[in-house]
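Trainee: Here you go, one structure.
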Amino acid sequence: MSTLLEVKHLSKFYINKKRIFGGTPETVKAVNDISFHVDEQETLGIVGESGCGKSTTGRAVLRLHEPTAGEVLFRGTNILDLSEDEMRPYRQKMQMVFQNANSCLDPRWTVERSLAEPILLHNPGIGKGELDDKIDTIMEEVGFSPMYKKKYPHEFSGGQRQRIGIAKAISVSPEFVVCDEPVSALDVSVQAQVLNLMKRLKEERKLSYLFISHDLSVIRFISDRVGVMYAGRIVELAETREFFKNALHPYSKVLMAAVPKPVIMEDKNALYQGIGKISEVSRSGCPFATRCPHAMDICRQQMPEEREAAPGHKVMCHLY
Ligand SMILES: Nc1ncnc2c1ncn2[C@@H]1O[C@H](COP(=O)(O)OP(=O)(O)O)[C@@H](O)[C@H]1O
Ligand SMILES: [Mg+2]
Numbered sequence: 000m001s002t003l004l005e006v007k008h009l010s011k012f013y014i015n016k017k018r019i020f021g022g023t024p025e026t027v028k029a030v031n032d033i034s035f036h037v038d039e040q041e042t043l044g045i046v047g048e049s050g051c052g053k054s055t056t057g058r059a060v061l062r063l064h065e066p067t068a069g070e071v072l073f074r075g076t077n078i079l080d081l082s083e084d085e086m087r088p089y090r091q092k093m094q095m096v097f098q099n100a101n102s103c104l105d106p107r108w109t110v111e112r113s114l115a116e117p118i119l120l121h122n123p124g125i126g127k128g129e130l131d132d133k134i135d136t137i138m139e140e141v142g143f144s145p146m147y148k149k150k151y152p153h154e155f156s157g158g159q160r161q162r163i164g165i166a167k168a169i170s171v172s173p174e175f176v177v178c179d180e181p182v183s184a185l186d187v188s189v190q191a192q193v194l195n196l197m198k199r200l201k202e203e204r205k206l207s208y209l210f211i212s213h214d215l216s217v218i219r220f221i222s223d224r225v226g227v228m229y230a231g232r233i234v235e236l237a238e239t240r241e242f243f244k245n246a247l248h249p250y251s252k253v254l255m256a257a258v259p260k261p262v263i264m265e266d267k268n269a270l271y272q273g274i275g276k277i278s279e280v281s282r283s284g285c286p287f288a289t290r291c292p293h294a295m296d297i298c299r300q301q302m303p304e305e306r307e308a309a310p311g312h313k314v315m316c317h318l319y
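Okay, structure coming up:
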């Protein structure tokens with residue numbers, strides 16, 4: 000498979016002005032020099048605890064929030080160099096599914112109107128008949144009878160609304176979709192339905208996903224490869240089966256130990272030491288050093304470089 004999206008040394012820093020009376024504003028390095036790629040028709044899962052920079056990554060890749068540094072190559076074109084006009088075709092090709100469909104659906108609009116909006120934006124010449132057909136087809140694709148398009152968002156359940164949000168994202172025929180915690184607000188039984196729908200759409204429409212979740216079991220189900228984020232860095236990246244068989248980074252092991260039905264429970268006591276607050280990030284050296292059960296002197300002094308522990312299995316840790 001060829002590469003669809005390549006992200007090189009991407010950073011996004013925020014200036015936190017809250018400290019304005021207490022001295023200089025603090026810089027939050029929400030995403031700090033990360034690199035990864037997503038192949039055509041591939042799902043790259045990004046997992047990590049709250050605040051580690053997952054949503055910032057998704058937004059920066061789509062230029063919903065302008066990155067501070069780095070490159071985002073879509074089929075080889077660095078979209079960060081493009082003007083807003085030049086971006087338009089890429090905005091169509093790159094869509095987003097949000098955690099809560101209310102972020103993309105106007106409560107005062109029927110589903111039909113919400114779905115028509117992006118289609119009209121990207122196909123200004125489309126006729127009424129063709130637009131109607133397109134909306135009906137998309138409703139059916141996400142499992143609704145077309146007559147449901149006359150309803151309003153509040154008339155749907157959470158899972159149904161999320162299916163409408165997915166319909167809106169695919170309505171303009173994207174190639175790449177960032178899915179930011181798309182099932183995290185849903186009951187487990189409904190999660191499976193929505194995940195299965197997303198898997199089916201990926202096959203049928205030959206989509207690539209950047210799939211963000213804090214939930215390792217969701218990531219395992221949906222992803223072809225897994226990237227683990229910690230404090231703005233990707234600390235481990237591997238093919239899904241390899242990752243769940245042979246996770247290397249101490250933080251990845253902590254995440255696995257925190258799953259209710261543990262996937263790996265070796266060295267259990269050591270692992271629990273790692274559960275703490277992300278704010279306790281080391282100033283220099285490895286960001287995980289303050290929580291890591293295996294931390295050595297070098298970990299507190301020097302940022303580990305990315306190493307390829309096995310083919311396609313990258314880890315950023317002094318242990319390897
Ligand atoms: N708009 C913003 N302004 C300032 N800080 C932000 C903003 N968005 C996110 N952050 C900070 O960036 C870090 C990463 O946030 P986020 O990407 O939302 O993490 P996640 O999605 O993994 O929970 C957090 O420390 C968060 O507080
Ligand atoms: Mg988030």
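Be aware that the sequence shown starts at 0, since it is given in numbering that gives the first Met the number 0, and climbs by one per residue.
For glycine and all other residues, C-beta sits at the position ideal for the given N, C-alpha and C.
Since the model is a prediction, treat every value here as computed from it, not as a measurement.
(1) Since I believe V46 is in contact with H248 (beta carbons under 8 Å), could you give me their beta-carbon distance rounded to a whole number of angstroms?
(2) Just to confirm, is the Cβ distance from L236 to G226 under 8 Å?
(3) If you measure from each CB to the nearest heavy atom of ligand 1 and keep those under 5 Å, what residues do you get, in chain order?
(4) Nearest by alpha-carbon distance to Q98: which of S34, Y151, P181, K244 is it?
(5) Run the proximity test for D356: is its beta-carbon closer than 7 Å to any non-hydrogen atom belonging to ligand 2?
(6) Where does D80 land, buried or exposed, given buried means 16+ other C-beta within 10 angstroms?
(7) Use the C-beta contact count for L206: other C-beta atoms within 10 angstroms, 16 or more gives buried, fewer gives exposed.
(8) Quick check on DSSP: helix, strand or coil for M138?
(9) Going by DSSP, which residues form a beta bridge with R6?
(10) Below 8 Å on the Cβ atoms is my guess for G164 versus L104; work out the distance and round it to an integer in Å.
(11) Helix, strand or coil for E111, going by three-state DSSP, please let me know.
(12) Can G69 and L9 be called in contact, C-beta distance under 8 Å?
(13) Ordered along the chain, which non-local residues of its own chain (more than five positions away) have a Cβ less than 6 Å from that of M0?
(14) Look at I33 and V60 and say whether their C-beta atoms are less than 8 Å apart.
(15) Less than 8 Å between the C-beta atoms of K167 and P106, yes or no?
(16) Beta carbon of M95, beta carbon of V177: below 8 Å?
(17) Quick one: is D223 buried, meaning 16 or more other Cβ sit within 10 Å of its Cβ, or exposed?
(18) May I ask which residues mark the beginning and end of the beta strand (DSSP E) holding T56?
(19) Leaving aside the five residues before and after K16 along the sequence, list all residues of the same chain whose C-beta is less than 6 Å from its C-beta, in chain order.
(20) Inspect the beta-carbon positions of I297 and G57 and report whether they are closer than 8 Å.
(21) Roughly how many angstroms separate the alpha carbons of L4 and F73, rounded to a whole number?
(22) When we look at the beta-carbon of I14 and count the other beta-carbons within 10 Å, is it buried (16 or more) or exposed?
(23) Along the chain, where does the beta strand (DSSP E) that runs through M93 open and close?
(24) Measuring alpha carbon to alpha carbon, tell me which of T2, T26, F12, F35 ends up nearest V314.
(25) C291: which of E111, A257, Y250 sits nearest, CA to CA?
(26) Under three-state DSSP, which class holds M0?
(27) Do A184 and G157 have their beta-carbon atoms positioned less than 8 Å apart in this structure?
(28) Taking just the CA atoms, how far does Q161 sit from K149?
(29) With DSSP run on the structure shown, which of helix, strand or coil describes G226?
Mentor: Taking the coordinates as given:
(1) About 12 Å; that fails the 8 Å criterion.
(2) yes
(3) Y13, V27, A29, S49, G50, C51, G52, K53, S54, T55
(4) P181
(5) The structure shown does not extend to residue 356, since the chain is modelled only from 0 through 319, so no value can be given for it.
(6) exposed
(7) buried
(8) helix
(9) Going by the sequence as given, residue 6 is Val instead of Arg. Bridge partners of V6: F35, V71.
(10) 7 Å
(11) helix
(12) yes
(13) D38, E39
(14) no
(15) no
(16) yes
(17) buried
(18) It is not in any beta strand (DSSP E) - T56 instead sits in the alpha helix (DSSP H) that spans 53-60.
(19) P24
(20) no
(21) 5 Å
(22) exposed
(23) 93-96
(24) F35
(25) Y250
(26) coil
(27) yes
(28) 17 Å
(29) strand
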